[in-house]
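So the number in the numbering used here is just where the residue sits in the sequence shown, counting from 1, plus 138.
Positions of the beta carbon are idealized from the N, C-alpha and C atoms, including for glycine.
Structure first, commentary second.
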Amino acid sequence: MRVAPPPGMLEALERDLGLSAAQAQARLLNEARLTPIAEQLGKLLGPRFGGAWLRGNSAHTLVVATTSAADIPLILAAGAQADVVTRSLGFLEGIKEKIDNTLAVAQAVQDIVVNVDVVRASVAVEDAGSLPGGFRQGGFEGIGVSWTFRGVELR
139 MRVAPPPGML EALERDLGLS AAQAQARLLN EARLTPIAEQ LGKLLGPRFG GAWLRGNSAH
199 TLVVATTSAA DIPLILAAGA QADVVTRSLG FLEGIKEKID NTLAVAQAVQ DIVVNVDVVR
259 ASVAVEDAGS LPGGFRQGGF EGIGVSWTFR GVELR
């Protein structure tokens, strides 16, 4: 059974992603077809699962990441492309949680502009002067995050 997308969804995909009507329709169909495969592979890979994403304008290719090359045959057998990564999705989610918790403290002091890139495990702070001294000295130490203050990268 095919379910129609919510009103405006196709138009939004066309507008926001620059897709044709046929590409937008194909994208939604591919997302519906490939998402259950990604979810199943995530369960099978467990702590080695590095995430999944759809590639191409019409989302025609499912890519599943793993931290173990031994999982490649399983991923390929499910009809997806494999990508071996160094960090699992669970690890990245843990970093994101620590960043969110740390930034909550900083933002309680003063609003600052912060850009967080979870995939690269990096944080860019536009106004380091607004952060408490202890935070500037190592609020992210020990969680595997690099951060940049005013263009100077600290590790």
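Beta-carbon proximity list for residue i, same chain, < 8 Å, skipping 5 on both sides
{"i": "L148", "result": "A159, A162, Q163, L166"}
Whole-Å CB distance - residue i paired with residue j, under 8 Å assumed
{"i": "N195", "j": "L157", "result": "6 Å"}
{"i": "L200", "j": "Q178", "result": "That pair is no contact at about 11 Å."}
Candidates the options: closest to residue i by CA position
{"i": "L212", "options": "P143, R186, K236, I233", "result": "R186"}
{"i": "A216", "options": "G146, L182, A142", "result": "L182"}
{"i": "G228", "options": "V222, G180, A176", "result": "G180"}
{"i": "V223", "options": "A203, R153, P174", "result": "A203"}
Beta-carbon proximity list for residue i, same chain, < 7 Å, skipping 5 on both sides
{"i": "S226", "result": "P185, R186, F187, G188, T205"}
{"i": "L214", "result": "A220"}
CB of residue i within 8 Å of CB of residue j, strictly
{"i": "A197", "j": "E169", "result": "yes"}
{"i": "L151", "j": "L172", "result": "no"}
Residues near residue i by beta carbon distance below 6 Å, same chain, minus five either side
{"i": "P143", "result": "L166"}
{"i": "P145", "result": "none"}
{"i": "L155", "result": "none"}
- Which runs of the alpha helix (DSSP H), 4 residues or longer, sit entirely within the region 200-237? 210-215
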